[in-house]
Amino acid sequence: MNVKESFLVLALLAEIIGTIGGFGSSVFFVPIGNFYFDFYTVLGLTAVFHLSSNVSKIFLFKKGINRFLLLYIGVPSVIFVILGGYLSKIIATTFLEVILGVFLIALSLLFLVKRNLIIKPEKKQSILGGALSGFTAGLLGTGGAIRGLTMAAFNLEKSVFIATSAFIDLMIDFSRTVVYYQNGYITYQEVKYIPFLFLIGLVGTFIGKKILNYIPQERFKTISLILVLLIGIFTLLNFYIL
Numbered sequence: 000m001n002v003k004e005s006f007l008v009l010a011l012l013a014e015i016i017g018t019i020g021g022f023g024s025s026v027f028f029v030p031i032g033n034f035y036f037d038f039y040t041v042l043g044l045t046a047v048f049h050l051s052s053n054v055s056k057i058f059l060f061k062k063g064i065n066r067f068l069l070l071y072i073g074v075p076s077v078i079f080v081i082l083g084g085y086l087s088k089i090i091a092t093t094f095l096e097v098i099l100g101v102f103l104i105a106l107s108l109l110f111l112v113k114r115n116l117i118i119k120p121e122k123k124q125s126i127l128g129g130a131l132s133g134f135t136a137g138l139l140g141t142g143g144a145i146r147g148l149t150m151a152a153f154n155l156e157k158s159v160f161i162a163t164s165a166f167i168d169l170m171i172d173f174s175r176t177v178v179y180y181q182n183g184y185i186t187y188q189e190v191k192y193i194p195f196l197f198l199i200g201l202v203g204t205f206i207g208k209k210i211l212n213y214i215p216q217e218r219f220k221t222i223s224l225i226l227v228l229l230i231g232i233f234t235l236l237n238f239y240i241l
């Protein structure tokens with residue numbers, strides 16, 4: 000298996016796991032992409048990849064969209080992803096990745112240990128979660144784990160969780176794709192991967208949905224939190240290794 004093939008296979012796995020976890024593939028795709036491309040190219044490819052995968056999720060889980068969360072998480076996400084996208088050109092992201100890793104580990108452990116702890120999905124909490132996830136998505140390429148952590152804390156039904164998260168992600172990705180293109184992160188050299196990534200987004204989402212049919216609702220939140228915990232650990236390990 001050559002480099003291109005191994006990258007695409009790992010992208011498919013990232014999409015399947017991201018669908019099962021409910022927060023998208025970028026949390027896995029970005030670390031994978033960093034082994035093959037420079038950081039800014041990964042940002043551009045992630046935005047394009049996510050567009051296809053989120054369209055697929057919206058189509059497959061469309062009945063679950065929560066309009067309240069779409070407004071109070073989605074709008075702050077779009078505003079802050081634009082800000083983070085522009086700042087990605089001038090801010091050194093190294094220590095931000097460490098902070099993100101510690102944050103994800105601490106909060107995911109909190110909700111795993113205190114299983115009865117549920118945060119009500121009210122305006123203040125939704126806006127804060129949306130702003131943080133949008134900003135990290137624009138700056139670091141991935142904000143799905145923070146949004147997933149927010150929505151897991153709200154204890155949402157899995158179809159509501161996935162559909163609403165995907166719609167918000169679509170808004171974020173459209174916004175940051177424009178910013179990344181203006182920043183020069185999407186170039187002709189990487190365009191050849193885009194058709195494959197669009198197909199992978201569709202196939203991976205479909206497979207993930209099929210697997211979700213066998214996962215009871217009470218286990219869905221636990222799976223999401225464990226994946227967020229692993230993402231936090233991997234983020235820290237990636238920092239110390241690289």
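Going by numbering that gives the first Met the number 0, the sequence shown wraps up at 241, each residue one higher than the last.
All C-beta atoms, glycine included, are put in the ideal place defined by N, C-alpha and C.
A quick note: this is a predicted structure, and the numbers were derived from the prediction, not measured.
Note that the segment 157-165 does not touch the segment 98-111; fewer than 3 beta-carbon pairs, one per stretch, sit closer than 8 angstroms.
Assignment of residue 96 by DSSP, reduced to helix, strand and coil, places it in the helix class. In this structure, 140 is the residue among 140, 147, 221 with its C-alpha nearest to the C-alpha of residue 41. Boundaries of the alpha helix (DSSP H) harbouring residue 180: 157-182, taken from the DSSP string.
Nearest C-alpha to residue 180 among 132, 81, 94: 81.
The way I'd put it, the segment 42-57 does touch the segment 160-178; three or more beta-carbon pairs between them come closer than 8 angstroms.
Here residue 212 is exposed. Its C-beta has fewer than 16 other C-beta atoms within 10 Å. 8 angstroms or more divides the Cβ of residue 226 from the Cβ of residue 31. Proximity to residue 138 across 35, 194, 87 peaks at 87, based on C-alpha coordinates. Residue range 122-139 is occupied by the alpha helix (DSSP H) that includes residue 129. DSSP, reduced to helix, strand and coil, places residue 215 outside both helices and strands of the structure shown, so it counts as coil. By the Cβ test, the segment 182-199 is not in contact with the segment 105-114, since fewer than three Cβ pairs between them sit closer than 8 angstroms. Every alpha helix (DSSP H) of 4 residues or more that sits fully in the segment 31-102 is shown, in chain order, as 38-59, 66-71, 73-86. At a Cβ-Cβ threshold of 8 angstroms, residue 44 and residue 36 count as neighbours. One alpha carbon belongs to residue 230, the other to residue 77, and they sit about 23 angstroms apart. Closest in C-alpha terms to residue 20, from the list 67, 72, 148, 191, comes 148. When DSSP states are grouped into helix, strand and coil, residue 185 belongs to the coil group.
Short of 7 angstroms from the beta carbon of residue 193, and not among the five residues preceding or following it, lie these beta carbons of its own chain, in chain order: 47. Linking residue 151 to residue 63 through their CA atoms gives a straight-line distance of about 15 angstroms.
Apart from the 5 residues on each side of it in sequence, residue 175 sits with its Cβ closer than 6 angstroms to the Cβ of 46, 80, 84, 137 in its chain, given in chain order. 171 is the residue among 234, 171, 222, 214 whose C-alpha sits nearest the C-alpha of residue 51.
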